[in-house]
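Under full-length UniProt numbering, the first residue of the sequence shown carries the number 1, and numbering increases by one thereafter.
These notes concern the structure reproduced below.
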Amino acid sequence: MSHPRTLLNNELQSLYGQDLGSHVGWEIRSSGPPSSPVWYATIYIDDINHGYAEAPTKGAAKDEAARQAYNNLRRERQAREATTNLKGRS
1 MSHPRTLLNN ELQSLYGQDL GSHVGWEIRS SGPPSSPVWY ATIYIDDINH
51 GYAEAPTKGA AKDEAARQAY NNLRRERQAR EATTNLKGRS
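Next comes the structure, spelled out in structure tokens:
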């Protein structure tokens, strides 16, 4: 399976093309001692939270948030396509 951030980036490129940056934003923060921080990552697409994760590394938190966002976008796309198909049959 491909890397979660790569899958998400490819999906977002197909939706927004070159305008991707104006639609997507990350919020990254950490807490706890420097020796064992907890990283928090949230990804916003069009100002809507599409993924959130906590992990022991920044990369792992971003990967999990990206995986959630990718899965959410796929479900949304499938729902739109199903609705379009139903409208085409009537």
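Don't be surprised by glycine CBs; every beta carbon is placed ideally from N, CA and C.
What residue from the options has the CA that sits closest to residue i's CA?
| i | options | result |
| --- | --- | --- |
| W39 | R77, W26, S2, G21 | W26 |
| N49 | P33, G32, I28, S35 | I28 |
| L7 | K87, D63, G17 | D63 |
| S2 | L86, Y70, R80, K87 | Y70 |
| S35 | T57, R75, A79 | T57 |
Give me, in chain order, the residues of the same chain whose beta-carbon lies closer than 8 Å to that of residue i; leave out the 5 immediate sequence neighbours on both sides.
| i | result |
| --- | --- |
| L12 | L20, H23, V24, I45, L73 |
Please confirm if residue i has its CB atom under 8 Å from at least one CB of chain C.
| i | result |
| --- | --- |
| L15 | Going by chain labels, chain C is absent from the structure shown, which holds only one protein chain. |
Check whether the Cβ atoms of residue i and residue j lie closer than 8 Å to each other.
| i | j | result |
| --- | --- | --- |
| A60 | R5 | no |
Would you mind giving the Cβ-Cβ distance between residue i and residue j, rounded to the nearest angstrom? I have them listed as a contact below 8 Å.
| i | j | result |
| --- | --- | --- |
| G32 | T42 | That pair is no contact at about 17 Å. |
| Q68 | A53 | 7 Å |
Can you find the residues in the same chain that come closer than 6 Å, C-beta to C-beta, to residue i, ignoring five residues on each side of it along the sequence?
| i | result |
| --- | --- |
| D77 | Residue identity differs from the one stated: residue 77 is Arg in this sequence, not Asp. The answer is none, since no qualifying residue turns up. |
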